[in-house]
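**Student:**
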Amino acid sequence: MKARRLNVMEALNAGMAHELESDADVVLMGEDVGRAGGIFRTTSGLQQRFGSARVIDTPLDEKGIVAHAVGMALYGLRPIVEIQFSGFIHDAFEHIMFCATRYRWASGGQYSCPMVIRSPSYGGIKGGFWHSQSCEAYFVHQGGIKILTPATVDDAYRMMIAAIRDPDPVLLVEPVPLYRALSDEIVLDGQAAEIGRAEVVRAGQDVSVLTYGPIRHQVAKVADDLAAQTGIDVEIIDLRCLIPYDIGCILDSVTKTGRAVIVHEAPLSLGFGAELAAVIQEKAFGYLHTPVLRVAAPDVPYHFSIGDECYRPDAGRIRIAIERIMEFEH
Amino acid sequence: MAGKRKSGKKPAAGGGRAGGYCPLGDAVRAGIRQVIDAQGRLTGDLPEPDLDRDTLIRLYEMMVLVRAIDERGWVLQRSGRVEFWIPHKGLEAVHIAATMAFARNDWIFLGYRHPGALLLRGAALVQLFAQFFGRRDEPFKGRRLPTLMGDRRLNVVPMTTQVGSYIPHACGAAWGAKIKGDDTRFLTFFGDGATSRGEFHSALNFAGIFKPPVVFICENNGWAVTTPASAQTASRTFAQKGDAYAVRNLRVDGNDPLAVYAAAREARDLAAKEAPSLIEAVTYRLGFHTSSDNPDLYREPEEVEEWAAWDPLIRTCKYLERKGYWGKRQEADLWTRCTRDIDAAVEQAEAMPLPDPASMFDDTFEQMTWMLEEQKAALLGDLERCS
Ligand SMILES: Cc1ncc(C[n+]2csc(CCOP(=O)(O)OP(=O)(O)O)c2C)c(N)n1
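Residue numbers (my numbering), protein chains in the order written: chain A, 401 to 730; chain B, 30 to 416.
1. Work out the CA separation of VAL375 of chain B and PRO713 of chain A for me, nearest whole Å.
2. Would LYS621 of chain A count as contacting chain B if we go by Cβ distances under 8 angstroms?
3. Use the C-beta contact count for GLU121 of chain B: other C-beta atoms within 10 angstroms, 16 or more gives buried, fewer gives exposed.
4. Counting C-beta neighbours from all protein chains within 10 Å, is the total for HIS143 of chain B 16 or more, i.e. buried, or is it exposed?
5. Can a CB atom of chain A be found closer than 8 angstroms to the CB of TYR313 of chain B?
6. Answer yes or no: do VAL516 of chain A and LEU446 of chain A have a C-beta to C-beta separation smaller than 8 angstroms?
7. Using a Cβ cut-off of 8 angstroms, pull out every chain A residue sitting near LEU383 of chain B, in sequence order please.
8. Between the alpha carbons of ARG165 of chain B and PRO382 of chain B, how many angstroms are there, rounded?
9. Name the DSSP bridge partner or partners of ARG694 of chain A?
10. Is GLN484 of chain A a contact residue of ligand 1, with contact defined as CB to any heavy atom under 7 angstroms?
11. On the DSSP bridge assignment, give the partners of TRP252 of chain B in chain order.
12. Is ARG640 of chain A a contact residue of ligand 1, with contact defined as CB to any heavy atom under 7 angstroms?
13. If you measure from the CB of GLN533 of chain A, is any heavy atom of ligand 1 nearer than 7 angstroms?
14. Measure the beta-carbon distance from ILE632 of chain A to LEU639 of chain A and round it to whole angstroms, keeping in mind my assumption that it falls under 8 angstroms.
15. Quick one: list the residues of chain B neighbouring LEU668 of chain A, beta-carbon separation under 8 angstroms, in chain order.
16. CB ARG565 of chain A to CB ASP606 of chain A, shorter than 8 angstroms?
17. Can you tell me whether CYS367 of chain B is helix, strand or coil according to DSSP?
18. Counting only beta-carbon separations shorter than 8 angstroms, does TRP530 of chain A have a partner in chain B?
19. Is there at least one Cβ from chain A nearer than 8 angstroms to GLY49 of chain B's Cβ?
20. Say yes only if the C-beta of TRP336 of chain B is nearer than 7 angstroms to one or more non-hydrogen atoms of ligand 1, and no if none qualify.
21. Under a Cβ-count criterion, where at least 16 other Cβ atoms within 10 Å of its own Cβ denotes burial, should TRP505 of chain A be classed as buried or exposed?
22. Thinking GLU665 of chain A and GLY590 of chain A are a contact (beta carbons under 8 angstroms), I'd like their distance in whole angstroms, please.
23. For the alpha helix (DSSP H) containing GLY476 of chain A, name the first residue and the last one.
24. Quick check: the Cα distance between ILE725 of chain A and ALA696 of chain A, rounded to an integer number of angstroms?
25. Can you list, in chain order, the residues of its chain with a C-beta nearer than 6 angstroms to that of ARG87 of chain B? Leave out the 5 residues immediately preceding and following it.
26. Taking GLN377 of chain B as the reference, give the member of B:THR345, B:ALA153 and B:ASP325 with the closest Cα.
27. Alpha carbons only, please: which of B:ASP411, B:HIS124, B:LEU287 and B:ASP285 is nearest the one belonging to GLY220 of chain B?
28. Measuring from the CB of TRP252 of chain B, is there a heavy atom of ligand 1 at a distance below 7 angstroms?
29. Return yes when the C-beta of ALA223 of chain B is under 7 angstroms from any heavy atom of ligand 1, and no when it is not.
30. Could you tell me if ARG133 of chain B is buried or exposed, where buried requires 16 or more neighbouring beta carbons within 10 angstroms of its beta carbon?
31. For GLU90 of chain B, decide whether its Cβ has a neighbour in chain A, counting only Cβ atoms nearer than 8 angstroms.
32. Does any residue of chain B bring its CB to less than 8 angstroms from the CB of LYS402 of chain A?
33. Return helix, strand or coil for ASN413 of chain A, following the three-state DSSP convention.
34. Using three-state DSSP, classify PRO575 of chain A as helix, strand or coil.
35. Would you mind telling me which residues of chain A sit closer than 7 angstroms to ARG414 of chain B, beta carbon to beta carbon, in chain order?
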């Protein structure tokens, strides 16, 4: 099979197309996803190819879209639903967190809701607070839903496939700022990503940076700069999957370097970094040379006119945290 | 090629002439109340509201100013000076006439295509442009997307950004006024798409039961992004949804400011008499959904052309000409004045400062928590070290 050059959006599209093609139970629905191919054009061409009974334009009703998908999933379909922006997912929260995730448990394992909720997320598009949200942490708290977040073309394609095939609900936290900005060669072979595996993006000896989402690319740049300018050797781990997260990969890294910096776009308090910091001190306390540091957004809404510059963690703040942890003295 | 629609012509929600896109030419059959036709002539359906010359001219001048703002906003966005734009071309009549039908101390819960409501209540043009540029010294301190506006001093509550979520807020505020025994009335605007959300139904249900002094205006502009109103509901009209909740309802020609005014005025009066209303204003979004949209993907040029013949500005202008209130010279002067005023506002607003990073933390609580104080100090320290 020949490799093709796709951007992230096209890779997500190819992943959906592959599963719509190979499994007649897969359906896709959401606002504007059909005829127009979605406001980002992520679902472009899919209705033309698979018909309007399977690629469905819905009314403007997030709660209704997810709730009806829950019903479809109970009946044995595999719905993929698109929420236009993650900022609008909250209307559907009850149906995601207390219905889709609970049918399996509450029915003693008789029913399940295999479904994918696509949640375009992250900032950097001058979107203001509803169109730039990183609200994945809300979904971490109760179990029952897996959380995947691709930040490469390969992951976009393969995580989409993995999410659709998974027997449980999956939240796919999609990287809006990378949709068109990132492209790469990929072989569209229908291979799913392995859920629960992190990726060591860069091997290093001095400090582990644990991150996920589009900001991983800023971290990589900072690491290269630091290596060239200061000799600090950063190891970068893209978690890729928040539930379940790859504890083995994290501990291997942190026990080696003895230092951990966590970087995410979501707000600080009870962000995913809080879970990581807790688990690192529980399981690797004796290996740590320093406290765990977090780089995150503050606990306030994403600001429209200066949010992309000052609210979202950037290369400067990531670098400061790494330098700080290297300078740390007891 | 994604979604080039060549299938049958579908009239925007609730039908009109068979085969046509715009039902306004056959308003009676579509149950759409009108005062004037496309040529600005009285149709004899609704009576002409009792508005004096100055008020009518003020109405029209505001419609033109608001159109001129849209034209400028678009240019500013396309040239990268404003980050984002939500057009309101073609939608001037609904919000301007309805705002004029309400009193200054009545509350309005706005959508994002309604700058005229603020201007009518005295907001300066520069305040609007400062908002479009995300500047510090506008009521929201640069925090919100361009065109999401409001101003407490003017009793205009800003939109929540989630479509329709504020409809029960308007209803609840009205209910609050009723509980307190105040005479304030409440007006809210939302789109056809918003009627699909639970909040719309919740608000109408509560309104039917508790009868607060609220007027709901559903601005049915034919489209919710790429979704036609006909795919938003299988109901024949949006107004009829009021029937299910025992809320008085009617359809008006949303491109006829006189019809909107008459309907809104009556609804305002009735609102104080335990009769909230749902008004479906049938209109059309002549522009893009937003600056990120591409209507070529989902609608036919003929549809836009057909509706353009019912442009509310043209109709109102013709009406004023017929009455002898308006002529070519006034028209030219008005556009010159609008351009000049907008030029000045743009220049002044663009020169205003951006917000300070520290200000991101303000207004999260009335009193900042120690947690935010600490986060603020850390962030400002980092930004300082970076610079
Ligand atoms: C709850 C929610 N879902 C999705 C969106 C994204 N969105 C913004 S405007 C819009 C369409 C709204 O249509 P309508 O209510 O008819 O108003 P119009 O834009 O046509 O004026 C959508 C889907 C949103 N803002 N809020």
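Note that beta-carbon positions come from the ideal geometry of N, C-alpha and C, so glycine has one too.
**Tutor:** Based on what the coordinates show:
1. 32 angstroms
2. no
3. buried
4. buried
5. no
6. no
7. SER705 and ILE706
8. 6 angstroms
9. A:ILE662
10. yes
11. B:PRO257
12. no
13. no
14. With 8 angstroms as the limit, ILE632 of chain A and LEU639 of chain A do not qualify as a contact, their Cβ atoms being about 21 angstroms apart.
15. GLN404
16. no
17. helix
18. yes
19. no
20. no
21. exposed
22. GLU665 of chain A to GLY590 of chain A, Cβ: 31 angstroms. No contact.
23. No alpha helix (DSSP H) holds GLY476 of chain A; DSSP gives it neither H nor E.
24. 15 angstroms
25. none
26. B:ALA153
27. B:HIS124
28. yes
29. yes
30. exposed
31. no
32. no
33. helix
34. strand
35. ILE720
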